[in-house]
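Counting the sequence shown from 1 gives a position; our numbering is that position plus 191.
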Amino acid sequence: MDNKKEIIVLSGGGHKGMVKYQSVPGQNVVKGSCNLDFRPSNAKLYLVGDEIAEIALYDSNTTFEVPFRASCDVSCVVRSSALIMFGGHSAKSKTLAEIDEYNKQKAVEKIAKKHVETLEKDAEKVPFPDTSNIVKTGAETVKNLSFTNEWTKYDGNNFYYAVKPQIDELFVCHPSEKALDEAVENSKWVRVETSDGYYVVGLLFNEKEPSFICYGVPSKDKTSPPDELENACVWLPLPDGENGYWVIYQSARNGSIVK
């Protein structure tokens, strides 16, 4: 996208705005600005092309320089909890769906990163297999990895078996979460302690075969999911009626997020 310059007009939620950007010659980078007719609160600008770039907006005028590639037409979205503004050449519904999928994958990768950090800490405390090859549990990440010989290669239809070594380590290193074992039929769960609390990892089974890999964070608030899991998680209540978990369900077959 060398030497490309573009101005995209945004509208939505009763507001208007404009995104100006240009490519940086010889690099997959764009720089530009976002100008709005209001001061946003906790909003983000998304540039959507071959990949997605995400920019935090804190003022009516924001400049940016971010990694980005686009061999096709680019669309832009300003999004917050209160409004959506759109502009560009693609269909709005298609662009928003791509952003939702991007945020879902990012949420999974954030939790997966905690897996890696926790497993590495555990490896320092007890004798355990080398964790240097542990990978993030995102389908696109797995597709691009060269696994060691004893690992199953991911072929697009066997996600669970491609990441089974990491899952097995979690279930060996961490205690079971009995409340969820009993609350969810045909499942097993472990509790992973972190420096700022804990989260759970679970497997749901269809007969003996895993059907979903699950990641959950505890909460007493069933109306407001954590920011990092927004648009990717589902509320799972416990039988006591007061507590529950915000849970991401990942297909054991292909790694996609199911909501």
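Glycine included, every Cβ here is placed at the ideal spot set by N, Cα and C.
- Taking a C-beta distance under 7 angstroms as the contact criterion, K207 and D228 qualify as a contact pair.
- Following the DSSP letters along the chain, one finds C263 in no alpha helix (DSSP H), marked with neither H nor E.
- In the three-state reduction of the DSSP assignment, P356 falls in the helix class.
- Under the DSSP assignment, L201 falls in the beta strand (DSSP E) whose first and last residues are K196 to G203.
- Taking K235 as the centre and dropping the five residues before and after it, the same chain places the C-beta of E245, I246, A247, L248, V269, R270 and S271 closer than 8 angstroms to its C-beta, in chain order.
- In this structure, Y351 sits near A443, with a CB-CB distance shorter than 7 angstroms.
- In the same chain as K211, and ignoring 5 residues on each side of it, the C-beta atoms closer than 7 angstroms to its own belong to I198, G223 and S224, in chain order.
- The alpha carbon of V220 has as its nearest neighbour, out of S262, A298 and V381, the alpha carbon of S262.
- In chain order, C424 and W437 place their CB closer than 6 angstroms to the CB of P416, counting only its own chain and leaving out the 5 sequence neighbours on each side.
- In this structure, A288 sits away from E419, with a CB-CB distance that is not shorter than 7 angstroms.
- Annotated three-state conformation of F362 is helix, per DSSP.
- Rounded to the nearest whole angstrom, the C-alpha separation of F362 and L274 is 41 angstroms.
- Residue pairing for T385: DSSP places it in a beta bridge opposite G388.
- Secondary structure of N422 (DSSP, three-state): coil.
- Distance check between K195 and each of E373, S410 and F259 places F259 closest, using alpha-carbon atoms only.
- The Cβ atoms of Y406 and I439 lie closer than 7 angstroms to each other.
- K369: member of the alpha helix (DSSP H) spanning K369 to A374, first to last residue.
- Here H365 is buried: its Cβ has 16 or more other Cβ atoms, across all protein chains shown, within 10 Å.
- DSSP places N226 inside the beta strand (DSSP E), whose first and last residues are V220 to L227.
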